[in-house]
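Protein sequences, first through last, are from chains A and B. Residue numbering for the first sequence follows our numbering, beginning at 52 and increasing consecutively. Residue numbering for the second sequence follows our numbering, beginning at 52 and increasing consecutively. A virtual CB, placed ideally from N, CA and C, is assigned to each residue, including glycine. Worksheet: one structure, shown below.
There are 2 protein chains.
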Amino acid sequence: LDVSSNVLAFLSKLQTLVEEASTKELITWSQNGQSFLVLDEQRFAKEIVPKYFKHNNIEGFVRQLNMYGFHKVVHVDSGNVKQERDGPVEFQHPYFKQHQDDLLENIKRKVSSSKPKETKSHQEVLSKIISSAQKVQIKRETVESRLSTLKRENESLGKWQNYRQNKQNSN
Amino acid sequence: LDVSSNVLAFLSKLQTLVEEASTKELITWSQNGQSFLVLDEQRFAKEIVPKYFKHNNIEGFVRQLNMYGFHKVVHVDSGNVKQERDGPVEFQHPYFKQHQDDLLENIKRKVSSSKPKETKSHQEVLSKIISSAQKVQIKRETVESRLSTLKRENESLGKWQNYRQNKQNSN
DNA sequence: GGTTCTAGAACC
DNA sequence: GGTTCTAGAACC
């Protein structure tokens, strides 16, 4: 973690990789410095990646790029999208540009967030259902308490009725 | 689309690839025939994949496997998960086994579905909550009917009580 | 239905 | 925060 410039570990490594002259053959800035190129994914993954990361595949590298908001640059040739096979791969981020290190601090890693994407809407639905169930529950409890009151009254009246009945019969 | 055996295009191709003697060096059944192995992802992607699919990368192949319910077999070595670098990659599906072509028809491609992934589990949770709410509702209705019965009895007794009371007073 | 880019989630 | 497997979604 590069604490001095408050830039996260991944970005520091990426920065180094893209600037470094020794890796220029496999990863470097594009012509205009607005994006960077991985010139040979295979070799890059096997030769460079393991020196900087805990793996040697391109997927993990791309996953990290996506986590930091980088996007693959899709090349449009004459109207339709066609990536030539095994050609260079280009990635871009609005705050990752050559000679503009001051922008780097604006790059934020996306939060992993334990909550899935549509949890919110489901959460709302659940809240409503639970709230509704609670109202039913409360109404039931109210009714039950009224029931037990009436039951007691009924028993009292019953006893009194029996008392009157017995008295009547004994007369 | 292999209409004759009702097996989808991808599965037919995969079947061929795994059985084929000529590709045995890069993709073949595992020892016990319960899974299949890609012995060299790099070479497989570049040499075999483009002959069968419209691309030459392993990602597309893996995406299709996942779409059909295949799972990567993760090897556990001495307690912790460790995949050796550039070793064979193993995939498995309960209905994709050597010499058991009759099972193939059970393999279904996952529907793209507008519904997100966890709809099912949420659906289950919702079902339980709704079912629970319904039970509370029914219990409430039962109690309410008992209540109205008791209420009627109570009123009758009350009237009788009043009758006795009045009679007593008038005596 | 197939391919690609990106994201979710589990596990580290 | 990093890595891996799997899925979502757009586009074909």
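Distance, D152/A Cα to L59/A Cα:
13 Å
Distance, Cα to Cα, K64/B vs S81/B?
18 Å
In this structure, does DSSP put V89/A in helix, strand or coil?
Taken through DSSP and simplified to helix, strand or coil, V89/A comes out as strand.
Between the Cα of N83/A and those of N217/A, T200/A, F147/A, F95/A, spot the shortest distance and give me the residue it belongs to.
Looking only at N217/A, T200/A, F147/A, F95/A, the smallest Cα-Cα distance to N83/A is reached by F147/A.
Hey, does W80/A have any beta-carbon neighbour from chain B nearer than 8 Å?
It does not; no Cβ of chain B falls within 8 Å.
Chain-order list of residues whose beta-carbon lies under 6 Å from that of E141/A (same chain, five-residue window excluded)
S86, L88, V124
Excluding the 5 residues flanking L77/B on each side, which residues of the same chain have their C-beta closer than 8 Å to its C-beta?
V89, L90, D91, R94, F95, E98, I99
State the Cα-Cα distance for the pair V113/A and R191/A, rounded to the nearest angstrom.
Their Cα atoms are separated by approximately 56 Å.
Taking the CB atoms as reference points, tell me whether G111/A and F121/A lie closer together than 8 Å.
Between G111/A and F121/A, the CB-CB gap reaches or exceeds 8 Å.
Quick check on this structure: which residue in L155/B, K102/B, N117/B has the alpha carbon closest to the alpha carbon of Q66/B?
The shortest C-alpha separation from Q66/B is found at L155/B.
Backbone CA spacing between N117/B and E70/A [nearest angstrom]
37 Å
R215/B and R215/A look like a contact to me (Cβ under 8 Å); what is the Cβ gap, rounded to whole Å?
6 Å
What do you reckon, are the CB atoms on V194/B and V162/A nearer than 8 Å?
no
Consider the Cβ of M204/A: report whether some Cβ of chain B lies at a distance smaller than 8 Å.
A quick correction: the sequence has Glu, not Met, at residue 204/A. Yes, E204/A counts as interfacial toward chain B.
Three-state class that DSSP yields for Q143/A in the structure shown:
strand
Just checking: is the beta-carbon of H126/B within a distance shorter than 8 Å of some beta-carbon in chain A?
no
Minimum Cβ-Cβ distance from L77/B to chain A less than 8 Å:
At a cut-off of 8 Å between beta-carbon atoms, L77/B makes no contact with chain A.
Starting from the Cα of I237/B, find the closest Cα among T79/A, S207/A, D137/A and give me that residue.
This structure leaves residue 237/B out entirely; chain B is present only between 52 and 222.
Min CB distance V89/B to chain A below 8 Å:
no
Tell me whether V194/A counts as near the ligand SAM, meaning its Cβ is closer than 7 Å to at least one heavy atom of that ligand.
The ligand SAM is not among the ligands present in this structure, which contains no ligands whatsoever.
Return helix, strand or coil for T79/A, following the three-state DSSP convention.
Residue state, collapsed to three classes: strand.
Closer than 7 Å by beta-carbon distance: list the chain B residues that pair up with L116/A, in chain order.
Ordered by position in chain B, no residue passes the 7 Å Cβ test against L116/A, which lies about 14 Å from the chain.
Please report the distance separating the alpha-carbon of G209/A from that of L201/A.
12 Å
Residue-chain proximity (N217/B, chain A), Cβ-Cβ < 8 Å:
no
Under the three-state reduction of DSSP, which class applies to K105/A: helix, strand or coil?
coil
Shortest alpha-carbon distance to T79/B belongs to which of P101/B, P139/B, K102/B?
P139/B
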